[in-house]
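In terms of UniProt numbering, the sequence shown opens at residue 1 and continues consecutively. Don't be surprised by glycine CBs; every beta carbon is placed ideally from N, CA and C.
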Amino acid sequence: MDDKIKILMTADTVGGVWTYAVNLCKGLLNQNVEIHLLTMGGSPSNQQVEEIRSLNHVTLYCSNFHLEWMDNPWEDLRLAALWIKSVCDKINPDVIHFNSYGVVSGEWLCPIVTVFHSCVQTWWEAVKGEKAPQEWDEYRNIVHKALLLSDVLVAPSKSILKEAQKIYGKSEFSKVIYNGSDQDRLIKLEEKEHFILTAGRIWDEAKNISILFEITEEIDWPIYIAGNHVNPSTGTIKIPKNIHFLGQLSHKELNKYMQKASIFVMPARYEPFGLAILEAAKTGCALALGQIDSLQEIWQNAALYFNPNDKGQIIETLQRLIKDTELRQKMSVSSFLNAKNFTVEKMADEYINLYKSLLQQRLLKNIEVFV
Numbered sequence: 001m002d003d004k005i006k007i008l009m010t011a012d013t014v015g016g017v018w019t020y021a022v023n024l025c026k027g028l029l030n031q032n033v034e035i036h037l038l039t040m041g042g043s044p045s046n047q048q049v050e051e052i053r054s055l056n057h058v059t060l061y062c063s064n065f066h067l068e069w070m071d072n073p074w075e076d077l078r079l080a081a082l083w084i085k086s087v088c089d090k091i092n093p094d095v096i097h098f099n100s101y102g103v104v105s106g107e108w109l110c111p112i113v114t115v116f117h118s119c120v121q122t123w124w125e126a127v128k129g130e131k132a133p134q135e136w137d138e139y140r141n142i143v144h145k146a147l148l149l150s151d152v153l154v155a156p157s158k159s160i161l162k163e164a165q166k167i168y169g170k171s172e173f174s175k176v177i178y179n180g181s182d183q184d185r186l187i188k189l190e191e192k193e194h195f196i197l198t199a200g201r202i203w204d205e206a207k208n209i210s211i212l213f214e215i216t217e218e219i220d221w222p223i224y225i226a227g228n229h230v231n232p233s234t235g236t237i238k239i240p241k242n243i244h245f246l247g248q249l250s251h252k253e254l255n256k257y258m259q260k261a262s263i264f265v266m267p268a269r270y271e272p273f274g275l276a277i278l279e280a281a282k283t284g285c286a287l288a289l290g291q292i293d294s295l296q297e298i299w300q301n302a303a304l305y306f307n308p309n310d311k312g313q314i315i316e317t318l319q320r321l322i323k324d325t326e327l328r329q330k331m332s333v334s335s336f337l338n339a340k341n342f343t344v345e346k347m348a349d350e351y352i353n354l355y356k357s358l359l360q361q362r363l364l365k366n367i368e369v370f371v
């Protein structure tokens, strides 16, 4: 068990899972592991490739295979499973760590860890208040099968694990491992500027950022939005007064805005963890968040909350932070201190212990069979 652990890990390049995977790879740097990172969902950007090249213990494999939630993914999933199997045959991993569900049901010869970052079913119930329509039944079956076949199901919060179990049933072995970030530095409140920041795709009904367009005239400070703001369905967007679109920023560029922003707002209806919120807190932003179970679980008294569907409550919460400097600075410090509970080192330690535990269990089973 002292030998180097070989991990095959999947990641998509189009969302927060990429940041999670890179953080975990960085956290495992000194843990005597060898990581083979396989990407799906689209080709990684040059910046994403450079992030991995800086990690000597990580080998990157790239593909354009569709993920299970994308349009007509079935043939891509079949080919992706063959691709992953070919990599497995070549490297003989000790553990496979899946960050999506579409290829978990293959014939794998080592322990399987599947992370429940989110899913369409839990998204639909949180955002629409109803079960996803029939067209998503095949997707639901894929996720259900993936969770059943995994040796361990990991979730980034107790809240999303509870929702997953409500829909798919309880897994035999499940564990909560909170995401981590190491962006914190000594915060200097005097460097904070009078603007509000948020991050996400504006058409994402879960993030619910578009509701901010309807309240800008009632907010004293400008609101800056990082992320793609062109709706792929329409190709256009009307820019309301007091809103500033920053576009798609690199991780480093976004962090610079977080360091300057006084308030970070996320009117989410659905957010299994909220890595952008954590990174904002690490820079000392006061947090104004949608009142949902997962965010309250993670941030407790270190944020102010509002009903994400109530424009009046959002206005009241933001204006309260704007006008009350003492409260704003108090909440900045509270979010910063609470964020220290969620580090990359802590996340990586929990994962390496999980990997080792699975390998130990597999070894004991093999000994029993031999005897």
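Among Val176, Lys131, Glu135, which has the Cα closest to the Cα of Leu153? Taking the first residue of the sequence shown as 1, we reach residue 153 at position 153. When each option's Cα is compared against that of Leu153, the closest is Val176.
Classify Arg201: buried if its beta carbon has 16 or more other beta carbons within 10 angstroms, exposed otherwise. In the sequence shown, residue 201 corresponds to position 201, counting from 1. It is buried - the Cβ of Arg201 has at least 16 other Cβ atoms within 10 Å.
DSSP bridge partner residues for Ile96 (one or two, in chain order): Locating residue 96 in the sequence shown gives position 96, where the first residue counts as 1. Paired residue(s): Leu8, Ile112.
Check the Cβ-Cβ distances between Met70 and every residue of chain C, and say whether any is below 8 Å. In the structure shown, chain C cannot be found, because there is only a single protein chain.
If you draw a straight line from the alpha carbon of Asn301 to that of Ala132, how long is it in whole angstroms? As a position in the sequence shown, residue 301 is number 301, starting the count at 1. As a position in the sequence shown, residue 132 is number 132, starting the count at 1. If you take the alpha carbons of Asn301 and Ala132, they lie about 33 Å apart.
Give the straight-line distance between the Cα atoms of Asn23 and Trp136, rounded to the nearest whole angstrom. Position 23 of the sequence shown holds residue 23. Position 136 of the sequence shown holds residue 136. Straight-line Cα distance between these residues: approximately 31 Å.
I'd like the span of the beta strand (DSSP E) that includes Gly247, first residue to last. The residue given as residue 247 occupies position 247 in the sequence shown. Its beta strand (DSSP E) spans residues 243-247.
Between the alpha carbons of Lys6 and Val113, how many angstroms are there, rounded? For this step, residue 6 is matched to residue 6 along the sequence shown. For this step, residue 113 is matched to residue 113 along the sequence shown. Whole-angstrom Cα-Cα distance: 13 Å.
In terms of alpha-carbon separation, which member of Cys110, Arg140, Ile215 lies closest to Trp124? Along the sequence shown, read from residue 1 onward, the residue named residue 124 stands at position 124. Comparing Cα-Cα distances from Trp124 to each of Cys110, Arg140, Ile215, the minimum goes to Arg140.
Would Ala81 pass as a contact of Thr122 if the rule is Cβ separation under 8 Å? As a working note, residue 81 is residue 81 in the sequence shown. As a working note, residue 122 is residue 122 in the sequence shown. No. Outside cutoff.
In terms of residues, what are the limits of the alpha helix (DSSP H) holding Tyr178? As a working mapping, residue 178 is identified with position 178 in the sequence shown. Here Tyr178 belongs to no alpha helix (DSSP H), and DSSP marks it neither H nor E.
Taking the beta strand (DSSP E) that Leu60 belongs to, which residues open and close that run? For this step, residue 60 is matched to residue 60 along the sequence shown. Taken as a continuous stretch (DSSP letters only), the beta strand (DSSP E) holding Leu60 covers 58-61.
Candidates Val127, Asp89, Trp221: which alpha carbon is nearest Trp203's? Taking the sequence shown and counting its residues from 1, the one referred to as residue 203 is at position 203. For Trp203, the nearest C-alpha among the options comes from Val127.
As assigned by DSSP and simplified to three states, the class of Phe213: To locate residue 213, count along the sequence shown from 1; it is residue 213. It is helical.
So which of Gly274, Asn46, Asp89, Lys330 has the shortest CA-CA distance to Ala155? Position 155 of the sequence shown, counting from 1, holds the residue named residue 155. With distances taken between Cα atoms, Ala155 lies closest to Gly274.
Taking 7 Å as the limit between beta carbons, can you name the residues of its chain near Phe213, skipping five residues before and five after? To locate residue 213, count along the sequence shown from 1; it is residue 213. For Phe213, where only same-chain residues beyond five positions count, the Cβ hits under 7 Å are Pro240, Ile243.
Val14, DSSP secondary structure in three states: What you label residue 14 is simply residue 14 of the sequence shown in a count that begins at 1. Residue state, collapsed to three classes: coil.
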